Amino acid sequence: MYISKLHLRSFGKFIHKKIYFENKLNIVYGENEAGKSTVHNFMEAMLYGFDDTEEGELRFNKYKPWNSNLYKGTLSLKDANDERYLISKDFLLGTSQAFFNSSQEQEAREEEILNPGEHFFNMNKISFSNTVSVKQLGNKTEKELATELKNKIINLSRTRDESISIDRIFQRLNSIKEEAGNENDGKSLLGQYSLRLKELNEARENSVNAKRQVMFLAMEKKKVKNKIHEINIRIDELKKELSDYEYSKEKEILLKAEPIKKELEELNNKILNYKKEDIIEYSESDFKEAADIENTLKSMYKQIRILSDEAEEKEDDLFGLTNDISNKIGNEFDIDKINSDYSIYKENNAKINELKDKIAAGQENIKNTDVIEINKFIDSYTDVEDINRKTEAVNIFLDDKNYNKMKSFKRAQVLSVFLWVMTGGVAILGAWWYKLLITDYINRYYHGPWTENIIAGSITALISIVILAIINPLLTKAKSAKNEIESMECEFADHTINLRNLNISKDEIIKESGCESFDEMTEKFNKMMSEKKMYEEKMKLIHYDESSLDALINENGEIINNLHKSMLSLNLDRISDENINAANEAYMRKDAVKEQIDKLNKDTELLKNEISKLDKEISFEEKRLNMILKSNGFDDPDSFKRSVEINKEYTEITNNINYKKSMLQNILGEYNFDELTQKLSKFEFYEVKPVDKQEHSLKIYKLNEEKARLTENINNILKEISEIEDSTRTLAEIEEEIDFYENKTFAFKNKIKVAEITSEKIRKISDSIKGDFMPLLKKSISDNFSYLTSGRYSDVIIDEDMNITVAEEANKQRSIELESLSGGTLDQLYLSLRIGLGSILSGNQNIPLIFDDSFVQYDGKRLRNSLEMLSKESERRQIILFTCQEREAELAKSLNIKFNYIKL
Numbered sequence: 002m003y004i005s006k007l008h009l010r011s012f013g014k015f016i017h018k019k020i021y022f023e024n025k026l027n028i029v030y031g032e033n034e035a036g037k038s039t040v041h042n043f044m045e046a047m048l049y050g051f052d053d054t055e056e057g058e059l060r061f062n063k064y065k066p067w068n069s070n071l072y073k074g075t076l077s078l079k080d081a082n083d084e085r086y087l088i089s090k091d092f093l094l095g096t097s098q099a100f101f102n103s104s105q106e107q108e109a110r111e112e113e114i115l116n117p118g119e120h121f122f123n124m125n126k127i128s129f130s131n132t133v134s135v136k137q138l139g140n141k142t143e144k145e146l147a148t149e150l151k152n153k154i155i156n157l158s159r160t161r162d163e164s165i166s167i168d169r170i171f172q173r174l175n176s177i178k179e180e181a182g183n184e185n186d187g188k189s190l191l192g193q194y195s196l197r198l199k200e201l202n203e204a205r206e207n208s209v210n211a212k213r214q215v216m217f218l219a220m221e222k223k224k225v226k227n228k229i230h231e232i233n234i235r236i237d238e239l240k241k242e243l244s245d246y247e248y249s250k251e252k253e254i255l256l257k258a259e260p261i262k263k264e265l266e267e268l269n270n271k272i273l274n275y276k277k278e279d280i281i282e283y284s285e286s287d288f289k290e291a292a293d294i295e296n297t298l299k300s301m302y303k304q305i306r307i308l309s310d311e312a313e314e315k316e317d318d319l320f321g322l323t324n325d326i327s328n329k330i331g332n333e334f335d336i337d338k339i340n341s342d343y344s345i346y347k348e349n350n351a352k353i354n355e356l357k358d359k360i361a362a363g364q365e366n367i368k369n370t371d372v373i374e375i376n377k378f379i380d381s382y383t384d385v386e387d388i389n390r391k392t393e394a395v396n397i398f399l400d401d402k403n404y405n406k407m408k409s410f411k412r413a414q415v416l417s418v419f420l421w422v423m424t425g426g427v428a429i430l431g432a433w434w435y436k437l438l439i440t441d442y443i444n445r446y447y448h449g450p451w452t453e454n455i456i457a458g459s460i461t462a463l464i465s466i467v468i469l470a471i472i473n474p475l476l477t478k479a480k481s482a483k484n485e486i487e488s489m490e491c492e493f494a495d496h497t498i499n500l501r502n503l504n505i506s507k508d509e510i511i512k513e514s515g516c517e518s519f520d521e522m523t524e525k526f527n528k529m530m531s532e533k534k535m536y537e538e539k540m541k542l543i544h545y546d547e548s549s550l551d552a553l554i555n556e557n558g559e560i561i562n563n564l565h566k567s568m569l570s571l572n573l574d575r576i577s578d579e580n581i582n583a584a585n586e587a588y589m590r591k592d593a594v595k596e597q598i599d600k601l602n603k604d605t606e607l608l609k610n611e612i613s614k615l616d617k618e619i620s621f622e623e624k625r626l627n628m629i630l631k632s633n634g635f636d637d638p639d640s641f642k643r644s645v646e647i648n649k650e651y652t653e654i655t656n657n658i659n660y661k662k663s664m665l666q667n668i669l670g671e672y673n674f675d676e677l678t679q680k681l682s683k684f685e686f687y688e689v690k691p692v693d694k695q696e697h698s699l700k701i702y703k704l705n706e707e708k709a710r711l712t713e714n715i716n717n718i719l720k721e722i723s724e725i726e727d728s729t730r731t732l733a734e735i736e737e738e739i740d741f742y743e744n745k746t747f748a749f750k751n752k753i754k755v756a757e758i759t760s761e762k763i764r765k766i767s768d769s770i771k772g773d774f775m776p777l778l779k780k781s782i783s784d785n786f787s788y789l790t791s792g793r794y795s796d797v798i799i800d801e802d803m804n805i806t807v808a809e810e811a812n813k814q815r816s817i818e819l820e821s822l823s824g825g826t827l828d829q830l831y832l833s834l835r836i837g838l839g840s841i842l843s844g845n846q847n848i849p850l851i852f853d854d855s856f857v858q859y860d861g862k863r864l865r866n867s868l869e870m871l872s873k874e875s876e877r878r879q880i881i882l883f884t885c886q887e888r889e890a891e892l893a894k895s896l897n898i899k900f901n902y903i904k905l
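With the working numbering, the residue at position 665 of the sequence shown is 666, and numbering never jumps.
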């Protein structure tokens, strides 16, 4: 199998660059920056692609053309049976195709070959780099070259990869175990982690105990606070009882003094209207009693009116409080959940409106994108790409190089037949001409008839037989060549028709797509792909937003149901900010409303009792008054007054004035009527039980002392809690640190276990490779190295300890260290290693060898030997030699080595 052709359609600096190789030695010459490395990397990329690594990505970007939208190429292969394969890769799309065309088939068929390099050369990319692709060791001293070459041989003998060192792997695995250490060593990482975990577990136990103690202290604090609250309530009650009692006593004094004060004012006004001559003697006792009763009744009527108004007002207040929605709030009413649900409901509504607007905007944005038309165009472009690949394959088969060679071969055979016929004719004429010269000689010594004619005829027959024997194979070859030419002409005609049909189909598809050329179609395809990708991304976002919208709507549906149930229990039929605020306000005032209702019920009951008491007193006083009036012969108080008033009114009024003053003074005592009236103007009067003022004051004092003591206890508890929290880390921090060190410990233990298993596996694999692979490698290196050094060094020796030496042919007992060899000799040994390794790893398949400036350090003699070896090697496999110097080609010409010369 060899590489016959490269077509760099668009790769690196090359655009539509074609390079033809032959199944022999190929010398590719190019100055620096001419593109040798680009061609070399193109071959490797076509066979194995770019690696999915950072280095592979760098190489991909390095050779990506900057002046072309394409990034593709083809590579042609041929085998010993002239079976042809075409590998096509598009590096931008990441697609790879392989076409096969046998000598019996007219059309190429596509085959599924995932990795062309492994399929055709039976080796992976690493083996390809270690064998097929041969580079020089580099610009180093002899000692450095010897060390590097020795390491490559040792690595190959153990791993079959010159870049992988078993010793470095073992050193790295041992360093992993040494880095981790063990749990019993306090200086190692594992030991330090173990000690730290022990400390953290103790800290966790202390933190849990501290947390329990804090919870106990918090409960104690709550109990003390409840006690203080109860004390405050009791103090307020005692103060209120004392205050209410004092106010009630003053109110009673005021109520008694008010009618007397009023009567006194009336009497003072009346006395001014009387004269002494109008005064008449009267029965003072009855009149006085009647007057007292009348005044008392008036006072009672007024008081009962005041109490009735007050009772009616309190009943109105009680009715309003009873109908307040706060009374409908039960123990199961959870105002915090309602507020939380309503907040979530409002946030969800905002998100729902936002998502609806976003979805509508997205749908409006993609409305004008015709996805069907885009997909149709992409399919058309794919068809054109497929036609291009088939066209390229057909063009390869239309190459007329073999056809011209066959015609030249036929002409050569015909010419050879003609020349041999002419040669035979000339020989026969010469024989008959010679017969005339020797006739006299024959007649002199041989006397017989026709003797000279027999000799001449025999010579003629012999010449004819020889000529026929020579030209018969030539005629057969000429006839075969003619048949082959006719077959190739038929095949070319079929390929030409196929190519024309493909071009017609391609032009029709391009025109149907509305494009004038394939480049225009490619540009439009890139735009369509970008537009389709943008459309798909927008559709993903819209579907995601629609899913989010449905989830929010479902969540709000459940929230609305819960809120409706809670609002209906308060007779609120609508979910709004106003009703939510009303529910919160009702919840906040429910306890106060309940207290006010209880207080109003008590006050109303007291007022009703007072009114009932006054009604009884009025009824009694009215009966007394009627008795006095009837005993004096009067029907009503007015007639009684008029009859006695004339004689006694002035005296009575005067005495009454004095009496009222004295009575008012007795009632008020140390109080002033006006000051007392002002003080009690806003006081609500109700029945109050008598209290001991001194006893109440003592109780209040003792309760305040108890309150101060409990407050000090709370401060001590808070101080103790603060000290515990300040001296103890949080459990979450400790748990987080424990997880961290446990994960670290587990990771190090896992690393140690993996390192131990890996060391054991690698050692077994290395021993297996060394036993099977090493003898073959030693023999192959020794044979090649002996040839390159013209037999000076006969053997390459590798002992059990991997010490590498070489033996001279002249003195096989003497082993020479690699450090004693020159740089050129080391390069020859490296070349022997790579050629031998390529044969072994490929299973002795005749795969190509590629040399990239491998002979830079060779002198003339070494280069001569190397080229002779490569010439010999090229008889069984293809050799491709990249060089930046012309001496390889010149030396090959001087040695008459056949080679294919390519100049970049």
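Glycine residues also receive a C-beta, built at the ideal position from the N, C-alpha and C atoms. Quick caveat: nothing in here was measured; it's all calculated off a predicted structure.
Assigned exposure category for Tyr545 - 16 Cβ within 10 Å defines buried: Answer is exposed; the Cβ neighbour count stays below 16.
Bridge partner(s) assigned by DSSP for Asp91: Lys73, Thr96
Cβ neighbour criterion (16 or more within 10 Å) applied to Ala733: exposed
Buried/exposed call for Ser783, threshold 16 Cβ in 10 Å: Under this definition Ser783 is a buried residue.
Selection from Leu905, Phe883, Leu871, Leu864 that minimises the alpha carbon distance to Leu892: Leu864
Nearest candidate by alpha-carbon position, reference Gly837, set Tyr346, Ser128, Lys700, Leu94: Across the set Tyr346, Ser128, Lys700, Leu94, the C-alpha of Ser128 shows the shortest separation from the C-alpha of Gly837.
Pairwise C-alpha distance: His496 and Ser103: So the two alpha carbons sit approximately 14 Å from each other.
Residues bridged to His8 (per DSSP): Partner(s): Lys19, Thr75.
7 Å Cβ shell around Asp371 - same chain, five flanking residues per side excluded: none
Extent of the continuous beta strand (DSSP E) run through Ala808: 805-809
Buried/exposed call for Ile654, threshold 16 Cβ in 10 Å: buried
Through-space distance from Glu889 to Glu112, alpha-carbon basis: Using only the alpha carbons, I get a separation of about 39 Å.
As assigned by DSSP and simplified to three states, the class of Tyr3: In the structure shown, Tyr3 sits in a strand (DSSP, three-state: E or B).
Asn529 vs Ile379 beta-carbon contact at 8 Å: Here residue 529 is Met; the residue named in the question, Asn, does not match the sequence. Cβ distance < 8 Å, so Met529 and Ile379 count as in contact.
Classification of Asp727 by the beta-carbon crowding that lies within 10 angstroms, buried from 16 upward: exposed
Host beta strand (DSSP E) of Glu818 (start-end): 816-818
Where Ser103 falls: helix, strand or coil (DSSP): coil
Start and end residues, beta strand (DSSP E) containing Thr884: 880-884
Meets three-Cβ-pair contact criterion under 8 Å: the stretch 59-70 and the stretch 30-44: Yes, they touch.
Beta-carbon gap between Ala258 and Leu669 smaller than 8 Å: yes
Through-space distance from Pro474 to Val415, alpha-carbon basis: Those two C-alpha atoms are separated by around 11 Å.
First through last residue of the alpha helix (DSSP H) which encompasses Asn714: 694-728
Those residues which DSSP pairs with Phe900 across a bridge: Leu26
Outcome for Ser11 when other beta-carbon atoms lying within 10 angstroms are tallied against a minimum of 16: Buried: at least 16 other Cβ atoms inside 10 Å.
CA nearest to the CA of Leu71, picked from Ile460, Phe519, Tyr660, Thr477: Phe519
Euclidean distance between Cα positions of Glu809 and Asp828: Taking the CA atoms as reference points, Glu809 sits about 17 Å from Asp828.
Proximity winner among Lys483, Gly36, Ser341, Asn183, relative to Phe883 (alpha-carbon distances): Taking only the C-alpha atoms, the option nearest Phe883 is Gly36.
Buried or exposed by the 16-neighbour rule on C-beta atoms within 10 Å, applied to Glu295: When all chains shown are included, Glu295 counts as buried.
Option in Leu356, Lys694, Ser791 with minimal Cα separation from Tyr914: The chain is shown only over 2 to 905; residue 914 falls outside these bounds and no answer can be derived.
Where Glu111 falls: helix, strand or coil (DSSP): strand
Of the listed residues Phe419, Val418, Lys408, Ala457, nearest to Leu430 (C-alpha basis): Ala457
Limits of the unbroken alpha helix (DSSP H) element including Asp966: Nothing about residue 966 can be read from this structure; the chain reaches only from 2 to 905.
Rounded C-alpha distance that separates Met664 from Lys262: 9 Å
Touching by the beta-carbon criterion (3+ pairs, under 8 Å), the stretch 18-37 and the stretch 85-105: no
Proximal residues to Val427 (C-beta, below 6 Å), its chain only, five neighbours per side dropped: none
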